[in-house]
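Please read the structure below before turning to the comments.
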Amino acid sequence: MNTSKGHLFILSAPSGAGKTTLAGAVLNRFADMLYSVSYTTREPRNGEQDGLDYHFIQRDLFKKYIKEGKWAEWAEVHDNYYGTSAEFLDQSLAAGDDILLDIDVQGTIQLLERYPDSITIFIVPPSMDMLRRRLELRGTDSKAVIARRLVNAEKEMARQDLYRHVIINDQLSAAIDEL
1 MNTSKGHLFI LSAPSGAGKT TLAGAVLNRF ADMLYSVSYT TREPRNGEQD GLDYHFIQRD
61 LFKKYIKEGK WAEWAEVHDN YYGTSAEFLD QSLAAGDDIL LDIDVQGTIQ LLERYPDSIT
121 IFIVPPSMDM LRRRLELRGT DSKAVIARRL VNAEKEMARQ DLYRHVIIND QLSAAIDEL
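Numbering-wise, UniProt numbering puts 148 at position 148 of the sequence shown, and it's gapless, one number per residue.
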């Protein structure tokens with residue numbers, strides 16, 4: 001039986017900073033690392049798969065789980081709930097598994113209360129201008145949504161003090177190596 005406790009790696013970044021790409025690279029490089037799939041009450045987007053991208057659940061069930069303390073962290077964002085299973089994290093860490101969690105600053109604050117030894121990593125773009133260009137190149141958001149994401153990015157980057165490690169994602173391969 002494995003008697004060593006696993007590690008929780010919390011990865012955060014503003015939208016468009018490359019967090020999803022970097023998380024995928026880490027999971028490819030460290031095949032034994034688990035990925036914590038978040039739960040949400042929002043409708044699946046085109047191409048999203050339940051259990052892979054998110055665990056999609058009903059709003060009343062999510063609220064019931066809030067009352068029962070089943071979330072390690074949760075938030076209501078744009079009229080939808082998002083959360084991380086406390087049971088999954090606790091059982092996996094106790095089994096000695098390392099877990100990568102891709103989450104926002106608000107979730108990091110909650111998780112650090114419960115898991116203070118977490119390894120926290122914040123990904124930043126080389127500049128706000130570069131972040132804006134990346135968001136525009138995605139081609140998935142309107143100008144208004146991009147503007148809102150940039151305002152949120154500034155707020156999130158102001159909380160870098162929560163993170164032990166800050167990585168500038170200027171060159172993808174270098175950022176992957178640093179991560």
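Yeah, the Cβ is synthetic: ideal placement off N, Cα and C, and Gly gets one too. Since the structure is predicted, the reported quantities are computational estimates derived from the model, not experimental observations.
Collapsed DSSP secondary structure at N80 in the structure displayed: Walking along the sequence shown from the start, residue 80 turns up at place 80. In the structure shown, N80 sits in a strand (DSSP, three-state: E or B).
Per the DSSP calculation, residue 185 is bridged to which residue(s)? Not covered by the structure: residue 185. The range shown for the chain is 1 to 179.
Relative to the alpha-carbon of T120, which residue among S4, G139, I10 has its alpha-carbon at the smallest distance? Position 120 of the sequence shown, counted from the first residue, corresponds to residue 120. It is I10.
What is the rounded straight-line gap between the Cα of A13 and the Cα of A174? Position 13 of the sequence shown, counting from 1, holds the residue named residue 13. Position 174 of the sequence shown, counting from 1, holds the residue named residue 174. Approximately 17 Å between the Cα atoms of the pair.
In whole angstroms, what separates the C-alpha of M1 from that of L93? Taking the first residue of the sequence shown as 1, we reach residue 1 at position 1. Taking the first residue of the sequence shown as 1, we reach residue 93 at position 93. At M1 the pLDDT is 42, less than 50, meaning the model places this residue with poor confidence; the figure from the coordinates comes in the next sentence. About 13 Å.
Where does the unbroken beta strand (DSSP E) through D102 begin, and where does it stop? Reading the sequence shown from its first residue, position 102 is the one you call residue 102. Unbroken beta strand (DSSP E) run through D102: 99-102.
Which value, in whole angstroms, describes the spacing of the CA atoms of L150 and A95? Locating residue 150 in the sequence shown gives position 150, counting from the first residue. Locating residue 95 in the sequence shown gives position 95, counting from the first residue. Each residue's alpha carbon lies about 39 Å from the other.
Closest by CA to D53, which one among Q171, Q106, R45? Here the question's residue 53 lines up with position 53 in the sequence shown. If we check each option's Cα against that of D53, R45 comes out closest.
Give the secondary structure of L8 by DSSP, where H, G and I count as helix, E and B as strand, and everything else as coil. By one-based count along the sequence shown, residue 8 stands at place 8. Correct three-state label for L8: strand.
Could you round the C-beta distance between F122 and Y65 to whole angstroms and report it? I think they count as a contact, below 8 Å. As a position in the sequence shown, residue 122 is number 122, starting the count at 1. As a position in the sequence shown, residue 65 is number 65, starting the count at 1. About 28 Å separates the two Cβ atoms, so there is no contact after all.
Can you tell which of T108, L61, D97 has the C-alpha that lies nearest to the C-alpha of E73? Walking along the sequence shown from the start, residue 73 turns up at place 73. Comparing Cα-Cα distances from E73 to each of T108, L61, D97, the minimum goes to T108.
Using 8 Å as the threshold, is the stretch 30-40 in touch with the stretch 137-145, meaning 3 or more CB pairs across them? no
Check this for me: beta carbons of Q106 and A86, under 7 Å apart or not? Start at 1 with the first residue of the sequence shown, and residue 106 comes out as number 106. Start at 1 with the first residue of the sequence shown, and residue 86 comes out as number 86. No.
So what does DSSP say about T40, is it helix, strand or coil? Here residue 40 is taken as the residue at index 40 of the sequence shown, counted from 1. Residue state, collapsed to three classes: strand.
Can you find the residues in the same chain that come closer than 8 Å, C-beta to C-beta, to L135, ignoring five residues on each side of it along the sequence? Translated into the one-based positions of the sequence shown, residue 135 becomes position 135. If we look at L135 and ignore the five residues flanking it on each side, its Cβ neighbours are S15, G16, D141, I146, R149, L150.
Less than 7 Å between the C-beta atoms of N80 and T41, yes or no? For the purposes of this step, residue 80 is identified with residue 80 of the sequence shown, where counting begins at 1. For the purposes of this step, residue 41 is identified with residue 41 of the sequence shown, where counting begins at 1. Yes.
Residue 249 (DSSP reduced to helix, strand or coil): No answer is possible for residue 249: it lies beyond the span of the chain, which begins at 1 and ends at 179.
Straight-line Cα distance separating A23 from V77: Here residue 77 is taken as the residue at index 77 of the sequence shown, counted from 1. Here residue 23 is taken as the residue at index 23 of the sequence shown, counted from 1. Near 22 Å, if we compare the C-alpha coordinates of A23 and V77.
Buried versus exposed, by CB contacts within 10 Å (16 or more), S4: Position 4 of the sequence shown, counted from the first residue, corresponds to residue 4. With fewer than 16 other Cβ atoms within 10 Å, it is exposed.
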